[in-house]
Amino acid sequence: MSELPWGRRFLMCPPEHFGVLYEINPWMHREVAVDLDRARHQWGELVATLVEAGAEVELLDSQPELPDLVFTANAGTVNNGRYVPSRFRHPNRQPEVDHDIAWFTEHGFDVAPLPEGIGHEGAGDALPFRGVFLSGYRSRSDAGAHGPLSALLGAPVRPIELVDERLYHLDLTFCPLDDRRALVAPHAWDSYGRKVVEALVPEPFVLEDDEMLAFCANSVVVGTTVVMPACPPRVGRQLERWGFDVVPVDVSEFLKAGGGCRCLTLALDVSVGPQAGDAPPPSSESEAAR
Amino acid sequence: MSVSETVEVEGHIIDSLILAKVLDVIVDAGADYRMVDVHIGRTSGDPSRARLEVTAADDEALAALLAELKVHGANRAAEVDALTEPAEVDGVLPVGFYATTNLPTQVRMGGHWVDVDNPEMDCALVVRPDGRVRTVPMHRVRAGDPVVVGQGGVRVQALERPRGANPFEFMNSEVSSEKPKEQLVGRVAERIKMTKGAGGKVLAVCGPAVIHTGAGPDVADLVRAGIIDVLFAGNGFATHDIESNVLGTSLGVPLGDGLPPEGGHSNHLRVINEVRRRGSIAGAVADGYITGGVMFECVQHGVPFVLGGSVRDDGPLPDVYTDVVEAADAMRAELPGVAVALMLASTLHAIATGNVLPAGVETYCVDINQAVVTKLADRGSHQALGIVTDVGLFVHTLAQHLL
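Protein chains in written order, with my numbering: chain A, 234 to 523; chain B, 14 to 416.
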């Protein structure tokens, strides 16, 4: 058992301009007001918890009229110092991309955009595990993105169909814990996706519906610390049995926009693929074909 | 008619089960697929790629399926409009012209697929000023005609294979002399009845053996009864048909007792000579010289016939096309509406007809020689069902079923 090889350096964006100004997922309701002070406080707590757990946090400036810029998980996908900017399906979020690209350019990342016309919402829909990226599609990202994304990231990408519109990003359904374990929400995937995850994850912890809808999977793992938006007892017991420290952080203001702890962070230190010296993935395209 | 489209899916489609899912989606939608090309990545890092031809029942079903496949990342293969180049001189096609098959064909122009009016093999595709596309044989192309060049923007549709307990099921059997003929003939008769019932025309392509085997009167009956709508033959068939009716002999041999009379070898020449004297077969019928037989019935019932000539013809009869290009054009002109073709003991005319027939025409090739049937299929008329038997027996039995 060894810790995740990534998750020590995150990009986050303060919620100065956060709010629910439009509705692009089933959780968002414009009539629900965001308490901005409370949001600032919760976000500060999350930063402090991550730093306490041993992570570095880099900051992206917030921008007026871009309330969701706070959800940096959707800024793009990062691997080995390369940054693939997101291409949002909803016009409301499309203007975020220029700000994201500016930050990554300034910070020395190799910016590699997806081909025109292909949508993908970054780390929200692409999580590394055991040498491959699992990538969610249907709600927000296009299945067709996985080929180009794989070429740009230099790592295999396996698309998983998300079938529950409430769980519109992969990071609401899947959370890598270490090199063998992950929180999984198979109810959110189609039968093919379930088989793919089953083949990839040696020790899954299967979330029940209520745990899944409490955004349990939208957690941030820093070494052996799991920072969670909520921790139902059954999940907590299992994580502790496995040797993790569970730290719940209240991000209820952000849940109004359908985002939890993971959505508020983007891991900058992901390193998957040939250069990374990872353990080889459990199967290969050619073996599986046979 | 089913419709097809090529889709491509790329990436880690094996490990992610995307390819399996795409194939399942196609089959679950009641459609079918053919793997055109699959490239499997060697390692887990290598992407894989599959190209599939998806076939659905109709345009609507195909569109719905393509929309669903797109969700899973399988996109329509990049499509281009067909390219055309003007023919520089009459009768000569541009280099790289698209050579047609006899299958239903579509050409993409301005982003839309347009059906080719008259599928015919070994022709070129010419775009008409009104936007329609026609197959045109090489000799008929005129300077300036826009001719489709290259393979891009052209697609053909495979004919649906009949399935289940279809009366046409026996079509997919191999040519063989070891098949029960009575049953086969009965089924051909059924198909002809169905075709006639649906308003389709029946074309008969006859060789001289039809007359030699004594089947002339049966064919004449089928013409008279309105079952045969179009006749293609050569100088020999028409000559022996007339000879047998005027003189009672076929190539000098009496069809009654079979004993050759003195000077019988010249009978057919005398008959041709008399018809030539009267200007045409119709003229000889009007004059009362011809009083029965297949050609007589054709004239009497207004059934169009095309007699194609050959180098070895005696005479020939005045109706025979001595220019083979004109003969082929005359045959083409009679094809609209033809749904069933009977190739009766004719090698050259059967193949000539096969060349101009669309693949959708049910074709029955009857010959005592298996090689004729094989030859027809080898030359691209894959829709032909071969029946290896004596043509006299076949026509007689068919007439019994139909009359």
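Think of the CB as a built atom: it goes at the ideal place given N, C-alpha and C, for glycine as much as any other residue.
Bear in mind that the values here come from a model prediction, so they are computed numbers and not experimental data.
If you drop the 5 nearest sequence neighbours on each side, which residues of the same chain put their C-beta closer than 8 Å to that of Tyr302(B)?
Here residue 302(B) refers to the residue found at position 289 when the second sequence is read from its first residue. So the qualifying residues of the chain are Val259, Glu287, Val288, Arg291.
Buried or exposed, going by whether 16 or more other CB atoms sit within 10 Å of the CB of Ser279(B)?
For this step, residue 279(B) is matched to residue 266 along the second sequence. By the neighbour-count rule (16 or more Cβ atoms within 10 Å), Ser279(B) is not buried but exposed.
Between His379(A) and chain B, is the shortest Cβ-Cβ distance under 7 Å, so that the two count as touching?
The residue you call residue 379(A) lines up with position 146 of the first sequence. Judged by the 7 Å Cβ criterion, His379(A) is in contact with chain B.
Distance cutoff 7 Å, beta carbons only. Does Ala345(A) sit that close to anything in chain B?
Position 112 of the first sequence, counting from 1, holds the residue named residue 345(A). By the rule that beta-carbons nearer than 7 Å mark a contact, Ala345(A) does not touch chain B.
Step through the CB atoms of chain A and report whether any lies within less than 7 Å of the CB of Lys34(B).
In the second sequence, residue 34(B) corresponds to position 21, counting from 1. Lys34(B) counts as touching chain A.
Should Glu349(A) be counted as a contact of the ligand ATP given a C-beta to heavy atom distance under 6 Å?
The ligand ATP is absent from the structure shown, which contains no ligands of any kind.
Going by the DSSP bridge assignment, what does Cys408(A) pair with across the sheet?
Working through the first sequence from its first residue, we reach residue 408(A) at position 175. Cys408(A) pairs with Leu416(A).
8 Å contact criterion, which Thr97(B) and Val160(B) should meet: CB distance rounded:
For the purposes of this step, residue 97(B) is identified with residue 84 of the second sequence, where counting begins at 1. For the purposes of this step, residue 160(B) is identified with residue 147 of the second sequence, where counting begins at 1. Between Val160(B) and Thr97(B) the Cβ distance is about 6 Å, and since that is below 8 Å, they are a contact.
Nearest to Val35(B) by alpha carbon, out of Arg413(A), Ala490(A), Pro392(A)?
By 1-based counting over the second sequence, the position of residue 35(B) is 22. Minimum Cα-Cα distance from Val35(B) among the listed residues Arg413(A), Ala490(A), Pro392(A) corresponds to Pro392(A).
For Pro392(A), the residue or residues it bridges with in DSSP
Counting from one through the first sequence, the residue named residue 392(A) turns up at place 159. Ser368(A).
Closer than 9 Å by beta-carbon distance: list the chain B residues that pair up with Gly506(A), in chain order.
The count along the first sequence starts at 1 and reaches residue 506(A) at position 273. What Gly506(A) touches in chain B: Gly58.
State buried or exposed for Gly510(A), treating a residue as buried only when at least 16 other CB atoms are found within 10 Å of its CB.
Looking up residue 510(A) in the first sequence gives position 277. Confidence at Gly510(A) is low in this model, with a pLDDT of 43, below 50, so its placement is unreliable and no value can be given for it.
For Asn312(A), list the residues DSSP reports as bridge partners.
Here residue 312(A) refers to the residue found at position 79 when the first sequence is read from its first residue. Looking at the DSSP output, Asn312(A) bridges to Arg315(A).
Is it buried or exposed for Leu403(A), if we count other Cβ within 10 angstroms and need 16 for buried?
One-based indexing of the first sequence puts residue 403(A) at position 170. Leu403(A) should be labelled buried.
Please list, in chain order, the chain B residues whose beta carbon lies closer than 7 Å to that of Tyr425(A).
Within the first sequence, the letter at position 192 stands for residue 425(A). Those within 7 Å of Tyr425(A) in chain B are Leu30, Ala33, Lys34.
Give a yes or no on whether 7 Å exceeds the smallest Cβ distance from Asn382(B) to chain A.
Numbered from 1 along the second sequence, position 369 holds the residue referred to as residue 382(B). Output row for Asn382(B): interface = no.
Helix, strand or coil for Gly252(A) per DSSP?
Start at 1 with the first residue of the first sequence, and residue 252(A) comes out as number 19. In the structure shown, Gly252(A) sits in coil (DSSP, three-state: anything other than H, G, I, E or B).
Would the beta-carbon of Val417(A) fall within 7 Å of that of Pro437(A)?
Residue mapping note: residue 417(A) aligns to position 184 of the first sequence, counting from 1. Residue mapping note: residue 437(A) aligns to position 204 of the first sequence, counting from 1. Result yes, Cβ atoms of Val417(A) and Pro437(A) sit closer than 7 Å.
Strictly under 7 Å for the Cβ-Cβ distance: is His152(B) near chain A by that measure?
Translated into the one-based positions of the second sequence, residue 152(B) becomes position 139. So no, His152(B) is outside the interface.
Between the stretch 118-127 of chain B and the stretch 55-63 of chain B, are three or more C-beta pairs nearer than 8 Å?
no
Can you give me the start and stop residues for the beta strand (DSSP E) that Met245(A) sits inside?
The residue given as residue 245(A) occupies position 12 in the first sequence. Met245(A) -> beta strand (DSSP E) spans 242-245.
For Met122(B), which residues does DSSP report across the bridge?
Position 109 of the second sequence holds residue 122(B). DSSP output for Met122(B) lists His125(B) as bridge partner(s).
In terms of DSSP beta bridges, what is Ser263(B) paired with?
Mapped onto the second sequence, residue 263(B) falls at position 250. BP columns for Ser263(B) point to Val266(B).
Hey, out of Val311(A), Asp294(A), Asp358(A), whose CA is closest to Tyr401(A)'s CA?
Residue 401(A) sits at position 168 when you count from the first residue of the first sequence. Here the closest residue by C-alpha is Asp358(A).
Closest to Ala297(B) by C-alpha separation, out of Val67(B), Leu272(B), Pro331(B), Ala341(B), would be which residue?
For the purposes of this step, residue 297(B) is taken as the residue at position 284 of the second sequence. Nearest Cα to Ala297(B) within the set Val67(B), Leu272(B), Pro331(B), Ala341(B): Pro331(B).
From Gly493(A), Glu354(A), Ala376(A), residue whose alpha carbon lies closest to that of Ala80(B)
Against the second sequence, residue 80(B) aligns to sequence position 67. Taking only the C-alpha atoms, the option nearest Ala80(B) is Ala376(A).
Can you give me, in chain order, the residues of the stretch 356-386 of chain A that have a beta carbon less than 9 Å from any beta carbon in chain B?
Those residues of the stretch 356-386 of chain A that come within reach of chain B (Cβ to Cβ, closer than 9 Å) are Gly364, Val365, Leu367, Ser368, Tyr370, Arg371, Asp375, Ala376, Gly377, Ala378, His379, Gly380, Pro381, Leu382, Ser383, Ala384.
Opening and closing residue of the beta strand (DSSP E) in which Met234(A) lies:
On the first sequence, position 1 is the one that residue 234(A) refers to. No beta strand (DSSP E) contains Met234(A), which DSSP labels as neither H nor E.
Cutting at 6 Å between CB atoms, please list the residues of its own chain near Ser7(B), excluding the five before and the five after it.
Residue coverage of chain B in this structure runs from 14 to 416, which leaves residue 7(B) outside it and unanswerable.
In terms of alpha-carbon separation, which member of Gly456(A), Val396(A), Leu446(A), Leu385(A) lies closest to Asp411(A)?
For this step, residue 411(A) is matched to residue 178 along the first sequence. Nearest of Gly456(A), Val396(A), Leu446(A), Leu385(A) to Asp411(A), Cα basis: Gly456(A).
Return the residue from the list Val351(B), Ala100(B), Thr410(B), Arg47(B) that minimises the CA-CA distance to Asp158(B).
Taking the first residue of the second sequence as 1, we reach residue 158(B) at position 145. If we check each option's Cα against that of Asp158(B), Ala100(B) comes out closest.
DSSP state of Gly177(B), grouped into three classes?
Locating residue 177(B) in the second sequence gives position 164, counting from the first residue. For Gly177(B), the pLDDT reaches just 36, beneath the cut-off of 50, and the residue's location in the model is therefore unreliable, although a value from the coordinates is still provided. Of the three classes helix, strand and coil, the one that applies to Gly177(B) here is coil, per DSSP.
By the 10 Å Cβ neighbour count, where 16 or more other Cβ atoms means buried, how is Arg414(A) classified, buried or exposed?
To locate residue 414(A), count along the first sequence from 1; it is residue 181. Arg414(A) comes out buried.
Give a yes or no on whether the minimum CB-CB distance between Glu23(B) and chain A is below 7 Å.
Reading the second sequence from its first residue, position 10 is the one you call residue 23(B). Closer than 7 Å: yes.
Can you tell me which of Ala112(B), Val149(B), Met308(B) puts its alpha carbon nearest to the alpha carbon of Asp103(B)?
For this step, residue 103(B) is matched to residue 90 along the second sequence. Comparing Cα positions, the closest option is Val149(B).
Below 7 Å between beta carbons: does that hold for Ile351(A) and Ala378(A)?
Here residue 351(A) corresponds to residue number 118 of the first sequence, with the count starting at 1. Here residue 378(A) corresponds to residue number 145 of the first sequence, with the count starting at 1. It is a contact, given that the beta carbons lie within the stated cut-off.
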